[in-house]
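Q: The sequence shown maps to residues 2 to 514 in our numbering.
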Amino acid sequence: MNNEQAKEKIKELIDKYHSVAASGKIKTYSEEETKLGFIQPLFEALGWNVFDKNEVTAEEQISGDRVDYGFYLNGRIKFYLEAKPLKADLYREEYAKQSIRYSWNKGVTWAVLTDFEGMIVFNALSPEKSLAGKKYLSFTYEEYLTRFDELWRLSKEAFGEDLLDKEAEKVGKKLQKISVTETLAKDLNECREILTRAFLQWNGKVDPHLIDEGVQKLLNRLIFIRSAEDRKIEPLTLMPLIHEYRGSGKAGQISPYQAMVQKFRELDKIYNSNMFDEHPFEKWEEFGGATEKVVDILYGKKNYFEYDFSVIPADVLGNVYESYLGHQLKKSKKQEESGKNLKKRKEQGIYYTPKYIVDYIVTNALGPVLDKCKSINDLQKIKILDPACGSGSFLVAAMNFLIKKYEEFGAKPDGYLKIQILQQNIYGVDLDQQAVELARLNLLLNTFDSQTKLPNLGGNIKNGNSLISGTDEELEKYFGKNYRDKNPFNWQEEFSDVFKQGGFDCIIGNPPY
């Protein structure tokens, strides 16, 4: 549809609006009627195929927020749209915050709020605190034609040319942005520092490396719980626990940290995953309010928006972990320690891969393999490996790709199917134990949708050097008596069941590997 055809279509919609207004029905128009009768046709006029689920998708309700549509181009999200019924007050703060908050948690720049009668375009990642500062464009329906060139920036064609971004940069509306990735990375780094300082202060005899491991495990658990809260799987847990401590007489009897550890034991019985296996950190001392500070941070209390862990993409945590490693290098005061960390990063291949590259590689590597499958039984036999899995972004993408294929054969994409896929189809190895823990966390977060027992991924996602394998005799001959320092990984032993079935069907991973 060219510009003139688009203008004609929009003029017809404006005339239709006038007709509805004159009939007196406008006040009773529902949101669904508004979407079908006005908003979808408007964006169809702007070149979007609103009936193609690969291009315009209906977003699910997740946590307390939702938006109505996601607009995609070449598989990449361009903006989210929140629809309201005709005559809605688009300037109600809760409407704007809902629209912006969802996009911000998803890491998407543009958020559109419209009831057709009016439209507001927000830069959700803008560092501006006020809603007015985040607003980039606003229209009334009467301006759709008189300001058509500005409206056209929301067209499919314009997004193909990045026109909205380019025009926004001209007026300084997209020069700076604060993404959820950057904010979460900064906040989690602060959480690590708070907990590390507290544990070192009160547990001086504990090895610093064990403290580092314990802090990572603790943060993984807290992220898991926050995700369960935001998905309505668990009731609000962490904040009430802190409030109960602050407002009760327990302050002299039990610390918030000890109360949290008790909660971990309860959750271990529910989910039965190694996520909550007992660890030495549970017996460490922690005073001075470190736990309370960390919980506040994980609710986003420092930021304009609270975190919604139900919509934060799994790959964000991978980026956050990479940011953490970089942060460790920068803050290191000892050149020798910094050199070791840098060497670790280079040797272990710890590099974050952008999501669009992950999706491209998974689609082109796994797609042809799955195309040969003729039944669910065939799919269940597929074995997928990332031999340098890092935080698990490739495995999460492979899992999601598999889910769609299972759906094509009539399977229901529920938690049971996801658990089945984790146990039967997905495998990974990484040299960094903390990355292994994070990969397991990401896969579990991509799986659970109810209070159900989760799989122990210790048999699927393992720690080791995937480039070094062999018998003890072979390795000692090649590397010497200290060959175990290389953390060799014996494939036939570690994944014996897979190799009994002929080995792996598809290998995916970070391009440097």
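Note that beta-carbon positions come from the ideal geometry of N, C-alpha and C, so glycine has one too.
Which same chain residues, not among the five before or five after T238, have their C-beta less than 8 Å away from its C-beta?
A: On the sequence shown, residue 238 is found 237 positions in, with the first residue counted as 1. The answer, listed in chain order, is I226, A229, E230, K264.
Q: Run through the DSSP bridge pairs and tell me what I462 is partnered with.
A: As a position in the sequence shown, residue 462 is number 461, starting the count at 1. Paired residues: G429.
Q: For the 8 Å Cβ check, are there 3 or more pairs between the segment 127 to 141 and the segment 27 to 47?
A: No: fewer than three Cβ pairs fall under 8 Å.
Q: Between S127 and G134, which are expected to be in contact by the criterion C-beta below 8 Å, what is the C-beta distance as a whole number of angstroms?
A: Mapped onto the sequence shown, residue 127 falls at position 126. Mapped onto the sequence shown, residue 134 falls at position 133. With a Cβ gap of about 6 Å, S127 and G134 count as contacting.
Q: Tell me the residue span of the alpha helix (DSSP H) that contains Y479.
A: Within the sequence shown, numbered from 1, the residue matching residue 479 stands at position 478. Looking at the DSSP string, the run of the alpha helix (DSSP H) that includes Y479 is 473 to 480.
Q: Have a look at E293 and F200 and give me their C-alpha separation to the nearest angstrom.
A: To locate residue 293, count along the sequence shown from 1; it is residue 292. To locate residue 200, count along the sequence shown from 1; it is residue 199. Cα-Cα distance, rounded: 14 Å.
Q: Please name the residue, chosen from K218, I298, L211, L146, that lies closest to I243 on a Cα-to-Cα basis.
A: Taking the sequence shown and counting its residues from 1, the one referred to as residue 243 is at position 242. Closest option to I243, Cα to Cα, is I298.
Q: K136 bridges to which residues according to DSSP?
A: As a first step, residue 136 must be located in the sequence shown, where it is residue number 135. F123, per the DSSP bridge assignment.
Q: Express the C-alpha separation of K26 and Y103 in angstroms, rounding to a whole number.
A: Counting from one through the sequence shown, the residue named residue 103 turns up at place 102. Counting from one through the sequence shown, the residue named residue 26 turns up at place 25. In a straight line, the C-alpha of Y103 is about 31 Å away from that of K26.
Q: In the DSSP assignment, find the beta strand (DSSP E) that holds R154 and state where it starts and stops.
A: Looking up residue 154 in the sequence shown gives position 153. R154 -> no beta strand (DSSP E), and no H or E assigned at all.
Q: Closest by CA to G391, which one among V359, I383, K419?
A: Walking along the sequence shown from the start, residue 391 turns up at place 390. Of V359, I383, K419, the residue nearest in Cα terms is V359.
Q: With DSSP collapsed to three states, give me the class of I383.
A: Reading the sequence shown from its first residue, position 382 is the one you call residue 383. It is coil, neither helix nor strand.
Q: Looking at the structure shown, is Y81 part of a helix, part of a strand, or coil, going by DSSP?
A: On the sequence shown, position 80 is the one that residue 81 refers to. Residue state, collapsed to three classes: strand.
Q: Spell out whether any CB of chain B is found under 8 Å from the CB atom of D372.
A: Protein chain content of the structure displayed is limited to a single chain, and chain B is not contained in it.
Q: List the endpoints of the continuous beta strand (DSSP E) containing G71.
A: Taking the sequence shown and counting its residues from 1, one reaches residue 71 at position 70. Taken as a continuous stretch (DSSP letters only), the beta strand (DSSP E) holding G71 covers 70 to 74.
Q: Give me the Cα-Cα distance between P236 and I78, rounded to the nearest whole angstrom.
A: For this step, residue 236 is matched to residue 235 along the sequence shown. For this step, residue 78 is matched to residue 77 along the sequence shown. Rounded to the nearest angstrom, the two C-alpha atoms are 31 Å apart.
Q: Over the uninterrupted beta strand (DSSP E) stretch that includes A59, give me the two end residues.
A: As a first step, residue 59 is located in the sequence shown; it is residue number 58 there, counting from the start. That run of the beta strand (DSSP E) goes 57 to 59.
Q: So, helix, strand or coil for P1, using DSSP?
A: As shown, the chain starts at 2 and ends at 514. That puts residue 1 outside it, with no answer to give.
Q: Between the alpha carbons of E197 and F149, how many angstroms are there, rounded?
A: Sequence index remark: in the sequence shown, residue 197 carries index 196 (1-based). Sequence index remark: in the sequence shown, residue 149 carries index 148 (1-based). In the sequence as displayed, the identity of residue 197 is Thr instead of Glu. Cα to Cα, the separation comes out at about 55 Å.
Q: By how many angstroms is the C-alpha of P456 removed from the C-alpha of L223?
A: As a position in the sequence shown, residue 223 is number 222, starting the count at 1. As a position in the sequence shown, residue 456 is number 455, starting the count at 1. C-alpha separation (whole angstroms): 19 Å.
Q: Of all the alpha helix (DSSP H) runs that stay within the bounds of the segment 213 to 281, which reach a length of 4 or more residues?
A: For the segment 213 to 281, whole alpha helix (DSSP H) runs of length 4 or above, ordered along the chain, are 239 to 248, 257 to 272.
Q: If we ignore side chains and look at the alpha-carbon of each, how far apart do E13 and H19 end up?
A: Translated into positions along the sequence shown, residue 13 becomes position 12. Translated into positions along the sequence shown, residue 19 becomes position 18. So the two alpha carbons sit approximately 10 Å from each other.
Q: Which residue from I195, V499, N190 puts its Cα closest to that of G289?
A: Locating residue 289 in the sequence shown gives position 288, counting from the first residue. That would be I195, whose Cα lies nearest to the Cα of G289.
Q: If you draw a straight line from the C-alpha of L476 to the C-alpha of N466, how long is it?
A: One-based indexing of the sequence shown puts residue 476 at position 475. One-based indexing of the sequence shown puts residue 466 at position 465. Computed Cα separation, rounded: 13 Å.
Q: To which residues of the same chain is K487 closer than 7 Å at the C-beta, ignoring the five residues directly before and after it?
A: As a position in the sequence shown, residue 487 is number 486, starting the count at 1. Excluding sequence neighbours, K487 sits near N466, I469, F480.
Q: Looking at D69: is its Cβ nearer than 8 Å to the Cβ of E56?
A: Stepping through the sequence shown from its first residue, residue 69 is reached at position 68. Stepping through the sequence shown from its first residue, residue 56 is reached at position 55. Cβ atoms of D69 and E56: not closer than 8 Å.
Q: Three-state secondary structure (DSSP) at T141?
A: Residue 141 sits at position 140 when you count from the first residue of the sequence shown. If DSSP states are grouped into helix, strand and coil, T141 belongs with the strands.
Q: From E129, K206, K88, pick the residue whose C-alpha is nearest to that of K284; which is it?
A: Along the sequence shown, read from residue 1 onward, the residue named residue 284 stands at position 283. Looking at the Cα atoms, K206 is the closest of the given residues.
Q: Which residues share a DSSP beta bridge with C390?
A: For the purposes of this step, residue 390 is taken as the residue at position 389 of the sequence shown. DSSP output for C390 lists no bridge partner at all.
Q: Would you kindly work out how many angstroms separate the C-alpha atoms of F449 and G416, rounded to a whole number?
A: Counting from one through the sequence shown, the residue named residue 449 turns up at place 448. Counting from one through the sequence shown, the residue named residue 416 turns up at place 415. One C-alpha to the other measures close to 6 Å.
Q: Run through DSSP, which three-state label would A399 get?
A: Reading the sequence shown from its first residue, position 398 is the one you call residue 399. Of the three classes helix, strand and coil, the one that applies to A399 here is helix, per DSSP.
Q: Going by DSSP in three states, C507 sits in which element: helix, strand or coil?
A: Position 506 of the sequence shown holds residue 507. C507: strand per DSSP, three-state reduction.
Q: According to DSSP, is T448 part of a helix, a strand, or is it coil?
A: Residue mapping note: residue 448 aligns to position 447 of the sequence shown, counting from 1. Looking at T448 - three-state DSSP - the assignment turns out to be coil, as it is neither helix nor strand.
Q: Straight-line CA distance for T58 to I11?
A: If you number the sequence shown from 1, residue 58 lands on position 57. If you number the sequence shown from 1, residue 11 lands on position 10. So the two alpha carbons sit approximately 22 Å from each other.
Q: Taking C-alpha atoms, which residue in Y92, H280, V363 lies nearest to P512?
A: Here residue 512 refers to the residue found at position 511 of the sequence shown. Looking at the Cα atoms, V363 is the closest of the given residues.
Q: For the structure I just gave you, are there three or more beta carbon pairs, one from the segment 376 to 386 and one from the segment 489 to 507, closer than 8 Å?
A: Verdict: yes, contact present.
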